[in-house]
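Protein chains: 2
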Amino acid sequence: MVKSKQFDKHVALDEAMHVFWEKGYHATSIQDLVDRLGVNRQSLYDTYGDKDRLFLAALTRYQELQHGPIYKALARQAPAAEVLRGFFDQMVENLSSGTCKGCFMANTVTGLASQDDSVFEIGATNHRQLEAAFSGLLLRAQQNGELPPDRPLLPIARFLVNTMNGLGVTAKATRDKKVLKDIADVALSALGF
Amino acid sequence: MVKSKQFDKHVALDEAMHVFWEKGYHATSIQDLVDRLGVNRQSLYDTYGDKDRLFLAALTRYQELQHGPIYKALARQAPAAEVLRGFFDQMVENLSSGTCKGCFMANTVTGLASQDDSVFEIGATNHRQLEAAFSGLLLRAQQNGELPPDRPLLPIARFLVNTMNGLGVTAKATRDKKVLKDIADVALSALGF
DNA sequence: AAACATCTTGACTGATCGTTCCAGACATGG
DNA sequence: CCATGTCTGGAACGATCAGTCAAGATGTTT
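Next comes the structure, spelled out in structure tokens:
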């Protein structure tokens with residue numbers, strides 16, 4: 001081996017993710033990425049391929065980065081009400097802090113899913129994973145007697161994913177954190193949590 | 194007056210709205226609009242100004258087109274449960290039919306609200322209008338004894354708007370109408386409707 | 001020090017972008 | 001028929017786009 005890479009490709013991918021997250025696919029130019037990543041134009045192409053591949057890598061990276069903490073938060077051994085409250089509090093906090101970039105996945109799916117099959121697939125997979133994570137939590141709650149034993153769980157899980165999706169949109173149409181808190185509170189209270 | 198316009202500027206604006214709706218602002222070129230509207234390039238500029246102004250006009254038009262039917266549907270003199278069920282059924286139907294364009298407002302807000310103040314304002318106004326429409330319905334329900342008299346209504350209205358927003362995203366990440374129906378059903382059932 | 005593979009630099013391609021200009025076609029009012 | 005103003009088609013503008021190419025700089029290995 002001679003002359004190793006002068007930049008960390010994982011760090012640079014994380015930065016690319018943030019650029020795409022802020023501006024979206026079409027509004028982000030290669031030059032934007034060169035400037036923000038501090039990585040040479042040619043090195044970008046050498047390392048990640050073309051713009052499409054880099055974008056999909058960034059979106060996949062986002063999905064991976066989110067999945068861990070989400071899964072972990074929802075797998076906590078605690079009453080479901082407490083787990084869900086903590087989870088949505090955290091999400092509201094994230095969406096309200098700093099310049100609101102919203103949810104990269106929601107931003108991307110709304111803009112590109114109907115025109116790009118790869119994006120649709122990533123979005124669909126993400127949806128299924130979230131569904132599964134919530135379903136797991138709900139099943140434990142049901143086994144602990146926190147939910148009626150005959151209550152179908154999948155629709156509730158879907159509803160919770162949808163509430164997350166909604167928050168990503170709502171956060172972009174208001175700067176009032178109280179709005180987001182109200183939403184999370186009503187969603188959970190109505191379910192009995 | 195000599196030689197009146199050869200195209201109806203309102204009809205053309207509606208068509209422009211659909212193009213922007215499908216592809217989004219950045220992915221829509223002036224040439225796309227010229228092709229789809231059948232309106233001459235120069236006439237486009239003469240009639241609507243530049244791309245930004247045309248886009249904002251299209252988004253505003255969408256908001257106007259939506260507002261009437263939504264307000265009307267929510268103002269129906271019928272039990273709130275029935276009104277809300279009908280309303281969300283209709284929305285699920287719209288989101289599932291044909292190539293899913295989702296909600297133009299949600300698509301736009303997620304993509305552009307943090308970078309364009311005009312878009313943010315339109316999105317914020319839309320949010321407030323929906324909040325108000327739901328609040329009106331809930332107030333009538335409360336007066337009719339369908340809701341406890343001490344129950345705060347604004348958070349519920351916000352929750353319902355958020356559920357709408359979420360459906361716009363979720364519809365883009367799945368092709369299974371059942372998912373959307375589950376969500377609407379849980380949202381309303383949990384509220385007691 | 002020489003050989004080697006990678007990184008960096010900057011110029012370059014062809015395509016497309018939004019926008020403007022212009023000249024001719026056209027329809028109406030006198 | 002002629003004048004008036006609008007619509008139309010196409011060419012052209014400068015800017016920017018994604019992506020490529022070749023040459024030189026750099027650091028590691030032998």
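Going line by line, the protein sequences match chains U and C.
Reading the first sequence from the start, the letters are residues 1 to 193 in the numbering used here.
Reading the second sequence from the start, the letters are residues 194 to 386 in the numbering used here.
Think of the CB as a built atom: it goes at the ideal place given N, C-alpha and C, for glycine as much as any other residue.
The structure displayed is predicted, hence computed values, not measured ones.
- [ ] Leaving out five residues on either side along the sequence, give the residues of the same chain with a beta carbon under 6 Å from the beta carbon of C/M298.
- [x] Mapped onto the second sequence, residue 298 of chain C falls at position 105. Excluding positions up to five away in sequence, the list reads N319.
- [ ] In angstroms with no decimal places, state the Cα-to-Cα distance between U/V2 and U/A12.
- [x] One-based indexing of the first sequence puts residue 2 of chain U at position 2. One-based indexing of the first sequence puts residue 12 of chain U at position 12. Bear in mind that the predicted position of U/V2 carries a pLDDT of just 49, short of 50, making it too unreliable to give a figure here.
Open item on the list: If you measure between the beta carbons of U/L180 and U/S96, is that distance less than 8 Å?
Closed with: The residue labelled residue 180 of chain U in the question sits at position 180 within the first sequence. The residue labelled residue 96 of chain U in the question sits at position 96 within the first sequence. The answer is yes: Cβ separation under 8 Å.
Task: Counted within 10 angstroms of its Cβ, other Cβ atoms place U/I30 as buried (16 or more) or exposed - done: In the first sequence, residue 30 of chain U corresponds to position 30, counting from 1. It counts as exposed.
Task: C-beta atoms of U/V166 and U/G102 nearer than 8 Å - done: Here residue 166 of chain U is taken as the residue at index 166 of the first sequence, counted from 1. Here residue 102 of chain U is taken as the residue at index 102 of the first sequence, counted from 1. Residue identity check: residue 166 of chain U is Gly in the sequence provided, not Val. No, they are not a contact pair.
Open item on the list: Distance check for C/Q259 and C/D282, CA to CA, integer angstroms please.
Closed with: By 1-based counting over the second sequence, the position of residue 282 of chain C is 89. By 1-based counting over the second sequence, the position of residue 259 of chain C is 66. Cα to Cα, C/D282 sits roughly 16 Å from C/Q259.
Task: C/G217 vs C/G304 beta-carbon contact at 8 Å - done: The count along the second sequence starts at 1 and reaches residue 217 of chain C at position 24. The count along the second sequence starts at 1 and reaches residue 304 of chain C at position 111. Yes, the Cβ-Cβ distance between C/G217 and C/G304 is below 8 Å.
Task: the segment 94-118 of chain U: positions lying closer than 9 Å to chain C by Cβ - done: T99, C100, K101, G102, C103, M105, A106, N107, T108, V109, T110, G111, L112, A113, S114 and Q115
- [ ] Could you please give the first and the last residue of the uninterrupted alpha helix (DSSP H) stretch that includes U/Q31?
- [x] As a position in the first sequence, residue 31 of chain U is number 31, starting the count at 1. Segment I30 to L37, the alpha helix (DSSP H) holding U/Q31.
Task: Neighbour list for U/K172 in chain C, Cβ cutoff strictly below 8 Å - done: Residue numbering aside, residue 172 of chain U sits at position 172 when the first sequence is read from its first letter. The contacting residues are V302, T303, A306, S307, F313 and G316.
- [ ] Flag this pair as yes or no: are the beta carbons of U/E131 and U/A173 separated by less than 8 Å?
- [x] Within the first sequence, the letter at position 131 stands for residue 131 of chain U. Within the first sequence, the letter at position 173 stands for residue 173 of chain U. Not closer than 8 Å, so no.
Task: Nearest to U/R41 (by Cα), restricted to the options U/L154, U/D116, U/F7 and U/L56 - done: Residue mapping note: residue 41 of chain U aligns to position 41 of the first sequence, counting from 1. The shortest Cα separation from U/R41 among U/L154, U/D116, U/F7 and U/L56 belongs to U/F7.
Task: Under 9 Å (Cβ pairs) to chain C, residues found in the segment 144-155 of chain U - done: P152, L154 and P155
Task: Distance CB(C/V285)-CB(C/A377) smaller than 8 Å - done: Taking the second sequence and counting its residues from 1, one reaches residue 285 of chain C at position 92. Taking the second sequence and counting its residues from 1, one reaches residue 377 of chain C at position 184. Yes.
Task: Contacts of U/G24 in chain C (Cβ-Cβ under 9 Å) - done: As a working mapping, residue 24 of chain U is identified with position 24 in the first sequence. Neighbours of U/G24 on chain C, chain order: G217, H219, T303, G304, L305 and Q308.
Task: Length of the line joining the Cα atoms of C/A266 and C/R254 - done: Within the second sequence, residue 266 of chain C is the residue found at index 73, counting from 1. Within the second sequence, residue 254 of chain C is the residue found at index 61, counting from 1. Cα to Cα, the separation comes out at about 19 Å.
Open item on the list: Using 8 Å as the threshold, is the C-beta distance between U/S118 and U/L56 below it?
Closed with: By one-based count along the first sequence, residue 118 of chain U stands at place 118. By one-based count along the first sequence, residue 56 of chain U stands at place 56. Yes, they are a contact pair.
Open item on the list: 8 Å is my cut-off, CB to CB: does U/F159 come that close to chain C?
Closed with: Looking up residue 159 of chain U in the first sequence gives position 159. Yes, contact with chain C.
Task: Distance between beta carbons of C/A273 and C/L331, contact taken as under 8 Å - done: Counting from 1 along the second sequence, the entry for residue 331 of chain C is found at position 138. Counting from 1 along the second sequence, the entry for residue 273 of chain C is found at position 80. Correct: roughly 7 Å between the Cβ atoms.
Open item on the list: Under 7 Å: does the beta carbon of C/W214 sit that close to some heavy atom of the ligand SAM?
Closed with: Absence of the ligand SAM from the depicted structure is noted, as is the absence of any ligand whatsoever, leaving it without description.
TODO: Please say whether U/D176 and C/P348 have beta carbons closer to each other than 8 Å?
DONE: Sequence index remark: in the second sequence, residue 348 of chain C carries index 155 (1-based). Sequence index remark: in the first sequence, residue 176 of chain U carries index 176 (1-based). Not in contact: C/P348 and U/D176 (Cβ atoms no closer than 8 Å).
TODO: For U/K178, I'd like the list of residues in its chain whose CB is within less than 8 Å of its CB, leaving aside the five on either flank, ordered along the chain.
DONE: For the purposes of this step, residue 178 of chain U is taken as residue 178 along the first sequence, with counting starting at 1. Excluding positions up to five away in sequence, the list is empty.
Open item on the list: For chain C, check one thing: does any of its Cβ atoms lie closer than 8 Å to the Cβ of U/V34?
Closed with: Reading the first sequence from its first residue, position 34 is the one you call residue 34 of chain U. For U/V34, the answer is no, since every Cβ of chain C falls outside 8 Å of its Cβ.
Open item on the list: Just verifying my parser: in three-state terms, what is the DSSP assignment at U/P194?
Closed with: The first residue shown for chain U is 1 and the last is 193, placing residue 194 of chain U beyond what the model contains.
Open item on the list: Checking 8 Å against the spacing of the C-beta atoms, do C/A220 and C/A251 come in under that value?
Closed with: Translated into the one-based positions of the second sequence, residue 220 of chain C becomes position 27. Translated into the one-based positions of the second sequence, residue 251 of chain C becomes position 58. Contact: no.
TODO: Classify C/G291 as buried or exposed, calling it buried when 16 or more other Cβ atoms lie within 10 Å of its own Cβ.
DONE: Mapped onto the second sequence, residue 291 of chain C falls at position 98. That one is exposed.
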